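Below is one structure, written out as structure tokens, with a few remarks after it.
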Amino acid sequence: MDYNFTAIEQRWQQQWKADCLYKVSNKSDKPKYYVLDMFPYPSGAGLHVGHPLGYIASDIYSRYKRLQGFNVLHPMGFDAYGLPAEQYAIQTGQHPEVTTNKNIARYKEQLGKIGFCYDWDREVRTCSPDYYKWTQWTFRRMFLSYYDNKLQKAQPIDNLVRHFEAEGSANLDVAQSEELGFTAADWQAMGDKERQQVLMNYRLAYLAYTKVNWCPALGTVLANDEVSEGLSVRGGHPVEQRVMRQWSLRVSAYAQRLLDGLETIDWTESLKDTQRNWIGRSEGAEMLFPVKANETVVEGMNLKIFTTRADTVFGVTFMVLAPESEYVKQVVTSEHAAEVEEYLAWVRRRTERERISDRKVTGVFTGSYAVNPLSKAEIPIYISDYVLAGYGTGAIMAVPAHDSRDYAFARHFSLPVIPLIEGADVSEQSFDAKEGVMMNSGFLNGMQVKEAIAAMKRYIEEQGIGRVRVNYRLRDAIFSRQRYWGEPFPVYYKDDMPYMIPEQCLPLCLPEVDKFLPTETGEPPLGNAQLWAWNEAEKKVVDKSMIDNQTVFPLELCTMPGFAGSSAYYLRYMDPHNDEALVSGEANAYWQQVDLYLGGSEHATGHLIYSRFWNKFLFDLGLVCKDEPFAKLINQGMIQGRSNFVYRVIGTNKYVSLGLKDQYEVQPIHVDVNIVQNDVLDTDKFRCWMPEYNDAEFILEDGKYICGWAIEKMSKSMFNVVNPDDMVERYGADTLRLYEMFLGPLEMSKPWDTNGIDGVHRFLRKLWNMYETVTDDAPTAAELKSLHKLIKKVTWDIENFSFNTSIPAFMIAQSELQQCRKRAVLEPLSVLIAPFAPHLAEEMWHRCGNHTSVCDASWPVLEERYLVEDTVKYPVQFNGKVRFTIELAKDMPREEVERVVLASDDTARYLAGNQPKKVIVVPGRIVNIVC
RNA sequence: GCCGCGAUGGUGGAAUCGGUAGACACGAAGGACUUAAAAUCCUUUGGCCCGAAACGGCUGUGUGGGUUCAAGUCCCACUCGCGGUACCA
290 MDYNFTAIEQ RWQQQWKADC LYKVSNKSDK PKYYVLDMFP YPSGAGLHVG HPLGYIASDI
350 YSRYKRLQGF NVLHPMGFDA YGLPAEQYAI QTGQHPEVTT NKNIARYKEQ LGKIGFCYDW
410 DREVRTCSPD YYKWTQWTFR RMFLSYYDNK LQKAQPIDNL VRHFEAEGSA NLDVAQSEEL
470 GFTAADWQAM GDKERQQVLM NYRLAYLAYT KVNWCPALGT VLANDEVSEG LSVRGGHPVE
530 QRVMRQWSLR VSAYAQRLLD GLETIDWTES LKDTQRNWIG RSEGAEMLFP VKANETVVEG
590 MNLKIFTTRA DTVFGVTFMV LAPESEYVKQ VVTSEHAAEV EEYLAWVRRR TERERISDRK
650 VTGVFTGSYA VNPLSKAEIP IYISDYVLAG YGTGAIMAVP AHDSRDYAFA RHFSLPVIPL
710 IEGADVSEQS FDAKEGVMMN SGFLNGMQVK EAIAAMKRYI EEQGIGRVRV NYRLRDAIFS
770 RQRYWGEPFP VYYKDDMPYM IPEQCLPLCL PEVDKFLPTE TGEPPLGNAQ LWAWNEAEKK
830 VVDKSMIDNQ TVFPLELCTM PGFAGSSAYY LRYMDPHNDE ALVSGEANAY WQQVDLYLGG
890 SEHATGHLIY SRFWNKFLFD LGLVCKDEPF AKLINQGMIQ GRSNFVYRVI GTNKYVSLGL
950 KDQYEVQPIH VDVNIVQNDV LDTDKFRCWM PEYNDAEFIL EDGKYICGWA IEKMSKSMFN
1010 VVNPDDMVER YGADTLRLYE MFLGPLEMSK PWDTNGIDGV HRFLRKLWNM YETVTDDAPT
1070 AAELKSLHKL IKKVTWDIEN FSFNTSIPAF MIAQSELQQC RKRAVLEPLS VLIAPFAPHL
1130 AEEMWHRCGN HTSVCDASWP VLEERYLVED TVKYPVQFNG KVRFTIELAK DMPREEVERV
1190 VLASDDTARY LAGNQPKKVI VVPGRIVNIV C
């Protein structure tokens, strides 16, 4: 009987669908378990063989958990908004919705063939109005909230208004863009617009002029995590800095909670570290440096700086301001104004990329001086682009002896360097380490650096010249995108101030446009929409020709970024059809949070920060019961491509095999991996592959053409893309699933190499053949041992996500049980393999005489008694005396015992000399040695 | 620069708690079946040495040290590769 995988797989996929086998209920007596994959962006290229890796792993785990008796939620959906669909629309005029839907259909078809146990009734799409209604809803709530630092919680903005009415900005400990000072009377005197401007300083979703990463090629701003080395992550286009009026989310308010939360979740240390670095907490002090003008100290004018090295104040020999700093205007003297302006213009001209690649020391003197509050020395104030406006206060105290950047600057401008640590040689470079004994530092002399930092912090607080402070590197997330294909903001503008569309009017649907490019006047694409104005009185969208700024107002033209839709999708799966709430209290109380989340580590500083932030906000609202969204997270590695090469002899149409290429002058050329098997080129197919190769000639070795190979990214241009559909067609879904797991550890990146898939396929065929006849005979001890060994191994492996080592265990069991046709063995075996090869398992399970689905079976119970070794105890002599007893597997001949134990003289001596110790020497053969 | 991860045969990888390194699979070589091929099955397969053979010996997990009766595994120093981050004061 042949293993007809195509027939088997089609049959069971249809059966599962007909039985609604994977439909999940929110009501169950079973314990719940929530397994989630990072949902894909449906690109036009379809899935390649690397995409399903994580999905297969999560599917195995889901099926295992179900067999263990859990009610398992394992959904799938699509992150459907994004740049590629829009870029394609700009080029072809096709509506992004059309191409997106087409791509989703293709993805679902491909995923369907692999046999995942998704409950498709719970599918979500971020671009569907009944989904993005809740994205808009949450944004609206963020606008209506501020963050209370004392309560460590988001609060309704109305509370803040009451505070202002009562005492103005006094006694306020809240997250804010800048510190404002006003009284209750001031507040009362403000008009509506002015009050709105004040509130904007505190809202969790706020509109402000911010320095943004502007990408001219994409025509939009990008978040920090969407930019790498001055280029956009998508497309690799140059990015420049610009100040624009943008929506932002006050993620920074949650910095400490995002940091603390990491301690409570089961993620890999490396991922947590990446997030810790990104949040970048640093403890230090803020200090005030008085400014001098015309040789006298200006009353009330101070430069506020942030430092983590308060101990080094005595070594401050100059100050540096960021070019964009507010202080610049205040301190530049008229004699230096021209020079400074020239420098600032030069800085503005430089692109982010130039700044990164060309890191020479630049700067300009402002003409003003500050006073070192401790040494009382007069120190010059400079401007330089090595100081960043966005971090700390945008101004620093420079300590050239103990900071390498300040050192480089001091050397360039011939500024004094005062060493502060005994024994530190600063003649060639700075001494940056936080260790050693202080000198030249007044009352700090003789202290260790760490003591000195603490002492100085105490001193500056006592003297009122500064305060202890914690800074975070984490910035607020820029939330506006000048694009069409994204969630519209539920926002309209009245007198240039934003207002939210009422909750009951959501969703605010994305309007039709006739062009996807920005308007001629540079407005985002939504500026092309006719039906895009808000009638405040009638609470509905109307034609924009009706805008009168009395009752009809313009709507926001930007859309939300990609991470908006992906920040809470895991909640929506719990209750996907609810139109009253993002998720009902009951559904959330049942499913709680994601128990296991699988996805790539490339989302460490993007999606995985944003969705933690988003979830914490919803937690503060009381909408969700868990502070963290993902209890456990596993990063699957990337699957790289394995490219093949042929070697063309330069100037000819001759191709030389790998082993002989050194004898010619050759040029390597990528060749489609689908016409190469085990690195042997199919020369006929090669000739047909492209017209230019029709009359190719080959220089063979041993009658074969051997190709070279390299590991590269899987991409069309490298001709190394392997399509899962082809694999399913040739080998079946079960083989593909097993082989993807067999390839190596889940978390490691590895190249896809189709060589080797035959071995896995052969194993499944052999396994299948064991089920041709099934008898009711009683199994032997050896058969039960093989079975239970396998139960133990596979259970351990799945729980530890070590799927790659399970497959060899199955292969060994299969060869040990080759002759076994007994139901008592074959039936549990079919359950064990069900998570890995669900279609074949169903077939095996039914061959054992069952009429239900194997998915509703129970995971086999391990019985240790079948594993107990058959052992014999031997006395072992050493130096003529019986020194210890050794317990050995029965099948080991006695004469080998002493040889094994005494193989190492030192070990034997050790065993003889150390009395009552139990040492496991060799599991399986020598069971243990008992003294 | 800083943080994290990794390095084991021709290849992918195994060794889960410090206890036979190289499981399992691929590839390769040889053999069986076959008119032949495919498929299937069997044998061998880290390197080196002794030997007719059996048996055996030495060596071996990126490099150099160390701890231990025993190290791929633990410690110290280094080399290379991958990923993240980068004037964060």
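Residues in the first sequence are numbered from 290 upward in steps of one, following the working numbering.
Think of the CB as a built atom: it goes at the ideal place given N, C-alpha and C, for glycine as much as any other residue.
Small disclaimer: the values here were computed from a predicted structure and weren't measured.
Per-residue burial, residue i [other beta carbons within 10 Å of its own, 16 or more giving buried]
i            : result
residue 977  : exposed
residue 1173 : Residue confidence for residue 1173 is low, a pLDDT of 49 falling below 50, so the modelled location carries little weight and cannot support an answer.
residue 534  : exposed
residue 381  : exposed
residue 306  : exposed
residue 1087 : buried
residue 585  : exposed
residue 1021 : buried
residue 294  : buried
residue 884  : buried
residue 914  : exposed
Residue from the options with nearest C-alpha to residue i
i            : options              : result
residue 546  : 826, 436, 992, 743   : 436
residue 681  : 910, 1001, 759, 803  : 759
residue 1092 : 936, 319, 344, 314   : 344
residue 1225 : 603, 861, 609, 774   : Nothing about residue 1225 can be read from this structure; the chain reaches only from 290 to 1220.
residue 1107 : 1124, 1075, 746, 477 : 1075
residue 278  : 672, 794, 843, 827   : With the chain represented from 290 up to 1220, any question about residue 278 goes unanswered, as that position is not in the structure.
residue 845  : 410, 816, 689        : 816
residue 319  : 342, 294, 354, 1101  : 354
residue 919  : 867, 1022, 937, 856  : 856
residue 1028 : 555, 1097, 809, 778  : 1097
residue 930  : 324, 317, 338        : 338
residue 1071 : 1114, 1099, 402      : 1114
residue 308  : 1142, 430, 570       : 1142
residue 839  : 818, 785, 868, 887   : 785
residue 988  : 936, 1030, 621, 981  : 936
residue 797  : 407, 1031, 423       : 423
residue 799  : 1095, 825, 847       : 847
residue 1058 : 530, 1119, 434       : 1119
CB contact flag (residue i, residue j, <8 Å)
i            : j            : result
residue 693  : residue 709  : no
residue 594  : residue 607  : no
residue 1066 : residue 1002 : no
residue 791  : residue 739  : no
residue 701  : residue 655  : no
residue 412  : residue 489  : no
residue 776  : residue 421  : yes
residue 537  : residue 832  : no
residue 895  : residue 514  : yes
Identified DSSP bridge partners for residue i
i            : result
residue 529  : 503
residue 929  : 1040
residue 555  : 921
residue 1103 : Note: residue 1103 sits in no beta bridge, so no partner.
residue 667  : 660
residue 957  : 936
residue 563  : Paired residue(s): none; residue 563 is not in a bridge.
Rounded Cβ spacing between residue i and residue j (contact assumed at less than 8 Å)
i            : j            : result
residue 327  : residue 889  : 7 Å
residue 926  : residue 990  : Not a contact, Cβ separation roughly 34 Å.
residue 995  : residue 962  : With 8 Å as the limit, residue 995 and residue 962 do not qualify as a contact, their Cβ atoms being about 14 Å apart.
residue 850  : residue 542  : Wrong, their Cβ atoms sit about 19 Å apart, outside the cutoff.
residue 934  : residue 874  : The pair is not a contact, with the Cβ atoms about 59 Å apart (cut-off 8 Å).
residue 1128 : residue 297  : 5 Å
residue 779  : residue 428  : 7 Å
residue 789  : residue 432  : 6 Å
residue 672  : residue 617  : 6 Å
residue 1055 : residue 1103 : 6 Å
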